[in-house]
Every structure is written in structure tokens, then in C-alpha cells.
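Read the structure below first, then the notes.
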Amino acid sequence: MPELPEVETVRRGLNQLTLNQEITGGDVLLDRTIAYPFSVGEFVNGIEKNAIAAWHRRGKYLLAELSSSSAWLGVHLRMTGQLLWLDRDEPLHKHTRVRLFFGDQQELRFVDQRTFGKIWWVPPGVAVESIMTGLATLAADPFSPEFTVEYLASKLQNRRRPIKTALLDQSVVAGLGNIYADEALFKSGILPETLCIDLQLKQIELLRTAIIQVLETSIEAGGTTFSNFLNVKGTNGNYGGVAWVYNRAGEPCRVCGTSIQRIRLAGRSSHFCSQCQTLRGVMRRD
């Protein structure tokens with residue numbers, strides 16, 4: 002599933018390519034992709050003759066501000082969603098779900114193999130959170146001023162759950178997922194099974210710094226492509242080639258050479274180095 006760096010990569014690409022261009026029409030090839038409104042015709046009518054003023058990101062959600070009507074267009078890529086900026090005459094991929102048409106024979110296509118991705122049109126004057134209800138429970142974004150050590154400590158301390166499981170909770174950290182939770186725990190020296198209640202404030206400080214660092218590094222690399230992720234121009238992300246532990250089970254640790262281990266926590270895989278990650282969490286990696 003695309004996580005914060007992948008979604009941020011897509012947002013930046015969309016802001017480079019689609020701004021101030023009028024949406025001239027649309028074509029919905031899979032009705033259930035449109036989460037709101039329930040009428041596909043109303044969705045197409047709502048977005049037509051609107052220009053995109055800016056793309057924003059909240060957690061893993063993309064939000065396009067529509068300048069002509071003060072409405073919003075929302076997108077969640079979910080497992081396999083892709084937003085691709087293409088020429089109109091480019092052959093349709095068999096998993097194309099929605100097409101948004103622009104001038105100069107350009108279009109924005111939503112391609113989604115697993116069909117879990119969703120698109121919303123939020124009418125003018127309506128609170129975005131009332132339509133895209135998942136936004137209402139999002140925690141602070143790691144790049145926001147609210148994401149302080151004290152904030153993260155308030156979300157983690159006194160909770161008897163593994164830290165890896167807690168980091169996947171979008172009400173704890175917005176946008177973080179399996180890949181970057183593993184990476185941040187490695188950089189902060191914390192084992193994924195460590196209970197939140199056992200973390201000291203210094204460890205939480207290291208963890209906060211590590212979260213921001215791995216996200217910044219991945220964004221610079223254009224995100225991670227292990228299966229489906231592509232940016233808006235159809236290019237893979239490159240972070241996977243430099244990942245510390247994620248998807249590297251059995252390979253040597255880049256720091257100490259110990260074989261990377263893989264376990265399952267709450268149904269999700271977790272990768273770690275048993276030598277570099279300890280409960281004390283005293284190792285910081287630059």
C-alpha cells in the first residue's frame with residue numbers, strides 16, 4: 002500500500018503537471034470507485050469546468066482544491082491505486098477505473114488492480130471531513146508542527162501494545178505504514194515487539210526523529226516500489242534499494258552484518274536486526 006512518501010511523491014507530481022488546467026470531462030469505468038456522490042453522473046457534472054488550484058495531502062489521502070466552485074476532489078490510492086498523467090490516445094490499461102480529461106489531449110487516469118481505491122467529489126460549502134470521514138480520525142502528520150515528542154509520547158505511553166502495531170494506527174501517526182514503521186524502528190534501535198508502555202521519553206524522541214528522517218529520505222528517492230507503486234509519470238520509486246530492513250529478511254544488516262529477521266505482528270510482517278535493535282533503543286543512525 003502506498004504510504005506517506007509515495008502519496009507525497011504523487012502530490013508533488015500532480016502539482017507540477019495539473020494545476021490551473023480545466024477538467025473538461027470524465028469517464029467512470031468502475032462505478033464503485035466513486036465513493037461520493039453515489040451517482041456517477043453527478044460526480045462527472047461536479048468536476049467538469051473546474052480547474053485544480055492545488056493538491057494537498059493529509060496522511061495517505063490526496064485532496065485537490067477545485068478553484069471554480071470551491072469544491073474538492075479526494076483520492077485514496079489504497080492497495081494498488083495509481084494516478085497517471087497521460088496522453089488521451091495512450092492505450093487503456095485493463096485496470097483503468099476513472100479518467101479525468103484536460104486540455105491538449107491530456108488526461109489523469111486512476112488505475113487500480115485490486116479496486117480498493119476510492120475517489121470523492123465534495124460539493125461546495127460541505128465540510129470535507131463529513132464526506133471523507135476517514136480524515137476526521139487522522140493523527141498529526143509527521144511533518145506538521147504538532148508532531149512533537151510530547152505529542153508522540155501522549156499517543157504511546159501507558160499503552161500495552163507493541164510499538165510496531167501502534168505505529169500502523171493512523172490515529173497515532175498519520176501516513177505511516179508497514180515499510181517506514183520498520184525503517185524508523187531500526188533507525189531508533191527499538192525492537193518491533195517492544196510494548197509502548199516500556200518506552201522511555203528518550204526512546205520516543207529518537208523514534209520521532211527516525212520517523213521524519215526515513216520519510217524524508219524516501220521522498221527524496223521518489224518513494225518505494227515493491228509491487229505496484231508508480232509516480233504520475235509512470236516511474237518507479239527508488240527507496241527499496243537502500244532500505245535498512247524492510248523486505249530484506251535473510252540479508253545481512255547494512256550496519257553490523259547480522260541476518261535481518263522477519264516476524265508477524267497482528268497479521269503484518271515486521272523486519273528487524275536483533276543486534277542493532279534493542280529494548281534500550283540507544284543507537285541512532287545518521
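For the sequence shown, our numbering assigns the number 2 to the initial residue and increments by one for each residue that follows.
A virtual CB, placed ideally from N, CA and C, is assigned to each residue, including glycine.
When you compare each of the options to residue i by their alpha carbons, which one comes out closest?
{"i": "LEU18", "options": "TRP86, GLU7, ILE120", "result": "TRP86"}
{"i": "GLN106", "options": "TYR62, THR25, ILE53", "result": "THR25"}
{"i": "GLU194", "options": "ARG13, GLY47, GLU108, ARG263", "result": "ARG263"}
{"i": "ARG59", "options": "ILE213, LEU177, VAL246, SER189", "result": "LEU177"}
{"i": "GLN201", "options": "VAL150, ASN179, THR236", "result": "VAL150"}
{"i": "SER219", "options": "ALA175, LEU153, VAL233, GLY242", "result": "GLY242"}
{"i": "GLY135", "options": "PHE144, GLY126, ALA175", "result": "ALA175"}
{"i": "PHE187", "options": "SER271, ARG13, LEU153", "result": "SER271"}
{"i": "ALA182", "options": "THR210, ILE132, GLY126, GLY14", "result": "THR210"}
{"i": "GLY235", "options": "LYS50, GLN83, LEU20, ALA52", "result": "GLN83"}
{"i": "GLY104", "options": "PRO125, SER70, LYS50, GLU147", "result": "LYS50"}
{"i": "ALA244", "options": "GLU184, CYS274, ASN237, GLU252", "result": "GLU184"}
{"i": "ILE261", "options": "PHE39, PHE273, ALA267, GLY268", "result": "PHE273"}
{"i": "LEU289", "options": "GLU252, VAL99, THR166, PRO146", "result": "With the chain covering 2 to 287 only, the question about residue 289 has no answer from this structure."}
{"i": "THR10", "options": "SER70, GLY268, LYS61, LEU67", "result": "LYS61"}
{"i": "THR259", "options": "LEU266, GLY251, GLY224", "result": "GLY251"}
{"i": "CYS254", "options": "SER275, ALA54, LEU153, ARG265", "result": "SER275"}
{"i": "TYR37", "options": "GLU130, GLY223, ASP90, LEU266", "result": "GLU130"}
{"i": "THR166", "options": "PRO146, PHE39, ARG269", "result": "ARG269"}
Would you mind stating whether residue i and residue j have Cβ atoms separated by less than 8 Å?
{"i": "VAL8", "j": "LEU78", "result": "yes"}
{"i": "GLY229", "j": "THR81", "result": "In the sequence as presented, Gly is not what sits at residue 229; that position holds Asn. Closer than 8 Å, so yes."}
{"i": "LEU216", "j": "PRO3", "result": "no"}
{"i": "VAL76", "j": "LEU63", "result": "yes"}
{"i": "GLY190", "j": "CYS277", "result": "yes"}
{"i": "ALA72", "j": "VAL123", "result": "yes"}
{"i": "ASN21", "j": "ALA52", "result": "yes"}
{"i": "ILE35", "j": "LEU101", "result": "no"}
{"i": "PRO143", "j": "ILE213", "result": "yes"}
{"i": "ASN232", "j": "GLY14", "result": "yes"}
{"i": "ARG162", "j": "LEU196", "result": "yes"}
{"i": "ILE164", "j": "TYR247", "result": "no"}
{"i": "PHE148", "j": "ALA141", "result": "yes"}
{"i": "ALA54", "j": "GLU43", "result": "no"}
Compute the minimum distance between the beta carbon of residue i and the heavy atoms of the ligand ADP, and state whether it is under 7 Å.
{"i": "LEU157", "result": "By its list of ligands, the structure shown contains no ligand whatsoever, and the ligand ADP lies outside what it can speak to."}
List the DSSP bridge partners of residue i.
{"i": "TYR1", "result": "This structure gives no information on residue 1, because the portion of the chain shown stretches from 2 to 287."}
{"i": "ASP28", "result": "ARG100"}
{"i": "ASN239", "result": "THR225"}
{"i": "GLU292", "result": "With the chain covering only 2 through 287, there is no way to say anything about residue 292."}
{"i": "ARG263", "result": "HIS272"}
{"i": "PRO253", "result": "SER260"}
I want to know whether the region 147 to 159 touches the region 204 to 223 - three or more CB-CB distances under 8 Å. Touching, yes.
Touching or not, the region 102 to 122 and the region 169 to 187, by the rule of three or more beta carbon pairs under 8 Å? No contact exists between the region 102 to 122 and the region 169 to 187.
Complete beta strand (DSSP E) runs within the region 46 to 90 (minimum length 3 residues, chain order): Taking only runs of at least 3 residues, the beta strand (DSSP E) segments lying wholly in the region 46 to 90 are 51 to 59, 62 to 67, 72 to 77, 82 to 88.
Taking the runs of the beta strand (DSSP E) that are 3 residues or longer, which of them lie wholly in the region 86 to 161? The DSSP assignment places complete beta strand (DSSP E) segments of no fewer than 3 residues inside the region 86 to 161 at 97 to 102, 107 to 113, 119 to 123, in order along the chain.
Could you pull out every unbroken beta strand (DSSP E) segment of at least 3 residues lying fully inside the region 160 to 205, listed in chain order? If we require 3 residues or more, the region 160 to 205 turns out to have no beta strand (DSSP E) run fully inside it.
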